[in-house]
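Chains A and B are the protein sequences, given in the same order. For what it's worth, the working numbering labels the leading residue of the first sequence as 141, then goes sequentially. For what it's worth, the working numbering labels the leading residue of the second sequence as 428, then goes sequentially. Using N, Cα and C, we set each Cβ at its ideal position, and we do this for glycine too. Worksheet for the structure shown next.
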Amino acid sequence: MNAFHIDQISLSMQEIPLIQQLSFTCQPGEIWGILGPNGIGKTTLLHVLAGLKKPTSGRVFIAGKNILHMRPKERAQKIGLLPQQIYFPFPSTVLETAMTGRYPYSSNWFSENPEDIKIATQALELVGLHHLKQRPVSQLSGGEQRRLTLATLFAQNPDIYLLDEPTTYLDLQQRMHVLSILKKLAKETGKIILLVLHEIPLIQLCCDKVILLTQDGNKKIGSCSEIINRETLGTMLPKELLDSCGF
Amino acid sequence: MNRRTYFSSTTLLTFLCLLATISIFLSIREGSTHISFTHFINAIFNPQHSTDHIIIFDLRLPRTFVAFTTGGLLALAGALMQTLLRNPLADPYILGVSGGAAVATALGILLGLSTAFLNLTAFLGSLLSITLVMGISRSHKHLLPLRLLLTGVVVATGWAAIMSFILITSPDQNLRSILFWLIGDLSYAHFSIWEPIILLFGLVVSFILAKPLNILARGDLTARSLGINTHRLNLILFLLSSLLTALAVNMAGCIGFVGLIVPHMLRIVKNSDHRFVLPASVLLGGSLLTLADTLSRVLITPAQLPVGIVTAIIGVPTFIVVLQGCQER
Numbered sequence: 141m142n143a144f145h146i147d148q149i150s151l152s153m154q155e156i157p158l159i160q161q162l163s164f165t166c167q168p169g170e171i172w173g174i175l176g177p178n179g180i181g182k183t184t185l186l187h188v189l190a191g192l193k194k195p196t197s198g199r200v201f202i203a204g205k206n207i208l209h210m211r212p213k214e215r216a217q218k219i220g221l222l223p224q225q226i227y228f229p230f231p232s233t234v235l236e237t238a239m240t241g242r243y244p245y246s247s248n249w250f251s252e253n254p255e256d257i258k259i260a261t262q263a264l265e266l267v268g269l270h271h272l273k274q275r276p277v278s279q280l281s282g283g284e285q286r287r288l289t290l291a292t293l294f295a296q297n298p299d300i301y302l303l304d305e306p307t308t309y310l311d312l313q314q315r316m317h318v319l320s321i322l323k324k325l326a327k328e329t330g331k332i333i334l335l336v337l338h339e340i341p342l343i344q345l346c347c348d349k350v351i352l353l354t355q356d357g358n359k360k361i362g363s364c365s366e367i368i369n370r371e372t373l374g375t376m377l378p379k380e381l382l383d384s385c386g387f
Numbered sequence: 428m429n430r431r432t433y434f435s436s437t438t439l440l441t442f443l444c445l446l447a448t449i450s451i452f453l454s455i456r457e458g459s460t461h462i463s464f465t466h467f468i469n470a471i472f473n474p475q476h477s478t479d480h481i482i483i484f485d486l487r488l489p490r491t492f493v494a495f496t497t498g499g500l501l502a503l504a505g506a507l508m509q510t511l512l513r514n515p516l517a518d519p520y521i522l523g524v525s526g527g528a529a530v531a532t533a534l535g536i537l538l539g540l541s542t543a544f545l546n547l548t549a550f551l552g553s554l555l556s557i558t559l560v561m562g563i564s565r566s567h568k569h570l571l572p573l574r575l576l577l578t579g580v581v582v583a584t585g586w587a588a589i590m591s592f593i594l595i596t597s598p599d600q601n602l603r604s605i606l607f608w609l610i611g612d613l614s615y616a617h618f619s620i621w622e623p624i625i626l627l628f629g630l631v632v633s634f635i636l637a638k639p640l641n642i643l644a645r646g647d648l649t650a651r652s653l654g655i656n657t658h659r660l661n662l663i664l665f666l667l668s669s670l671l672t673a674l675a676v677n678m679a680g681c682i683g684f685v686g687l688i689v690p691h692m693l694r695i696v697k698n699s700d701h702r703f704v705l706p707a708s709v710l711l712g713g714s715l716l717t718l719a720d721t722l723s724r725v726l727i728t729p730a731q732l733p734v735g736i737v738t739a740i741i742g743v744p745t746f747i748v749v750l751q752g753c754q755e756r
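Listed below in structure tokens is the structure:
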């Protein structure tokens, strides 16, 4: 496993500057939370980190290698993204969908590798969907579709997981379950995990480091306890909410 | 959709090959002139130039091949366009791509261009049309499914109006019939070897790309994060589906719905895997149009119906069923 190094990234959306000069380094086994109000550029940041979008300036490295210089399949073996919104325009089954996660590794054109089927099935077991393997995706609930997308990402098995609001549509139990899977992945296999999350209690539960992006263009990076406290969050959250969170 | 068949892709493809053979056989067997079975067998195996022989080999056989090729072209173009636009309702006819090719061809005929150049102008016409539809319907970089369809329908209507204008104002007798341009008709078709070759070429190219196409069908973002060069793949789909549409329009005018219903039926029966859908689309599309053409020749003998009427009668209800299914999701 290798470090994920972000060097002086600046982003803009349709020429409006969003995040300026952001630098940080994630070490293997770390979980990072990205916190900030809507429209601040969190999703765009994840897309840049995944190599899907060019930043206005700055670079992203894995083990010293610029991700924009990697071949697409090679990059997909290293970085995986859980998009915020997903849709399934064409009919397919749960297992077929989970199998798409194995594409970066596929070499055989004609048949599916039994090993890949095994990995995809295990990923479905992990999120508790294996009993729906042959079910058409269109018949799943919103939460189940979200878990299926997570399973596809687990099947992809990248070194770096970028998750854009992974807990959306999930019930409380499933939220905790997903976070515990991610924690296990980080601690036991040394994966790097970056989450965009809006629920502060969940960030406190699982993140080692937090990046706080505020409306005025400032950013704070630090350990969870350094960021998740009354002084720092006071800049972005109303007082009543902080009170109710017990700060 | 949960009652999918468990027949393997190979079994289904074999069945479709059989269907193709049957449709071709029926198409050369049936027609406005009744040929008894003994005469039919005689005409096929005795190469003496009887009337029956001429009817079968000089009239029906070329037309059958044109029908099959056109059906294959349209179905493959439809399947590729649906993946390009991530929309199961995309179809060259509905989105006005055929209309763009038709107008360009008609203008080419008025300018006195040769057949090869007509194919080129048709290609440019379909490229222009699909660019127009994609450009107008794209808002904030997302292709909204219904907006896309609506744009396509509007563009198609625009092309039909321009086509009617050209036909009404031009005294040129070479311009074929209004039915040819607006609804599709195989009676002007001339068999040439190039269309089947290009169909085969399109099938081979897209078949090689079948696995990346399966991922692309999940959406641009997902595909890119799984290691697909979506720009290149989209461009290939864009060019290929336009080329196939242009050839089909040049042979038979604007035939609708084959590109819509064929890939859709296949996805329901088996799955959305392009390794199955693409070759199966060519076989089923070819067979369906050949059968539709046979019907159009025998339904009101001795007169002929334009084949587009038959496909529209089958296609419109199917489209509604598909649309209904899409809304349920």
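Per-residue DSSP class, three states only, for residue i
| i | result |
| --- | --- |
| B/R513 | coil |
| A/C114 | A question about residue 114 of chain A goes unanswered here, because the residues of chain A that appear run from 141 up to 387. |
| B/L446 | helix |
| A/G362 | strand |
| B/M428 | With a pLDDT of 38 at B/M428, under the threshold of 50, the predicted position of this residue should be treated as unreliable, and no value is reported. |
| B/L613 | coil |
| A/P254 | helix |
| A/D304 | strand |
| B/P598 | coil |
| A/P276 | strand |
| B/E755 | Unreliable placement is indicated for B/E755, whose pLDDT of 49 sits below 50; the coordinate value is still reported in the next sentence. In the structure shown, B/E755 sits in a helix (DSSP, three-state: H, G or I). |
| B/Q731 | coil |
| B/F434 | coil |
| A/Q227 | A small fix is needed here, since residue 227 of chain A is Tyr in this sequence, not Gln. Reduced to three states, the DSSP call for A/Y227 is coil. |
| A/E284 | helix |
Straight-line gap, residue i to residue j (C-alpha atoms, nearest Å)
| i | j | result |
| --- | --- | --- |
| A/L151 | A/T184 | 8 Å |
| A/K331 | A/A216 | 14 Å |
| B/A447 | B/T672 | 21 Å |
| B/S525 | B/L666 | 14 Å |
| B/T491 | B/L606 | 20 Å |
| B/A760 | B/S450 | Residue 760 of chain B lies beyond the range of chain B shown here (428 to 756); nothing can be said about it. |
| A/L353 | A/I174 | 8 Å |
| B/H461 | B/L626 | 32 Å |
| B/A502 | B/L687 | 7 Å |
| B/M428 | B/S564 | Legend: pLDDT at B/M428 = 38, less than 50; position of this residue unreliable, value from coordinates given subsequently. Looking at the two C-alpha atoms, the distance is approximately 29 Å. |
| B/L453 | B/F467 | 12 Å |
| A/P341 | A/C385 | 8 Å |
| B/D485 | B/H617 | 11 Å |
| B/T717 | B/V709 | 12 Å |
| A/P378 | A/N206 | 40 Å |
| A/E339 | A/C346 | 11 Å |
| B/E622 | B/S435 | 30 Å |
Residue range of the beta strand (DSSP E) that includes residue i
| i | result |
| --- | --- |
| A/I351 | 349 to 353 |
| B/I521 | No beta strand (DSSP E) contains B/I521, which DSSP labels as neither H nor E. |
| A/L221 | 219 to 222 |
Neighbourhood of residue i by C-beta distance below 6 Å, restricted to the same chain and skipping five residues each side
| i | result |
| --- | --- |
| A/A143 | T165, Q167 |
| A/F228 | V277 |
| B/A494 | L613, L716, T717, D720 |
| B/T578 | V560, I563, S564 |
Close-in-space but distant-in-sequence residues of the same chain around residue i (CB under 7 Å, 5 per side omitted)
| i | result |
| --- | --- |
| B/L715 | G498, V685, V689 |
| B/P489 | F618 |
| A/S197 | Q148, S150 |
| A/I367 | V350, L352, K360 |
Span of the alpha helix (DSSP H) around residue i
| i | result |
| --- | --- |
| A/Q344 | 340 to 346 |
| B/W608 | 605 to 610 |
| A/V234 | 234 to 239 |
| B/I663 | 657 to 679 |
| B/W621 | 621 to 635 |
| B/G712 | 701 to 725 |
| A/A326 | 312 to 329 |
| A/E371 | 370 to 373 |
| B/V685 | 685 to 696 |
| A/L185 | 182 to 189 |
One or two residues paired with residue i in a DSSP bridge
| i | result |
| --- | --- |
| A/F201 | A/H145, A/N206 |
| A/V336 | A/I174, A/D304 |
| A/M153 | A/I156 |
Contacting residues, own chain, Cβ-Cβ under 8 Å from residue i (five flanking each side not counted)
| i | result |
| --- | --- |
| B/R430 | Low confidence applies here, because B/R430 scores a pLDDT of 44, under 50, leaving its location unreliable and the question unanswered by this model. |
| B/T657 | L643, D647, A650, R651 |
heavy atom of the ligand HEM below 7 Å from residue i C-beta
| i | result |
| --- | --- |
| B/I736 | As far as ligands go, the structure on display features none, and thus does not contain the ligand HEM. |
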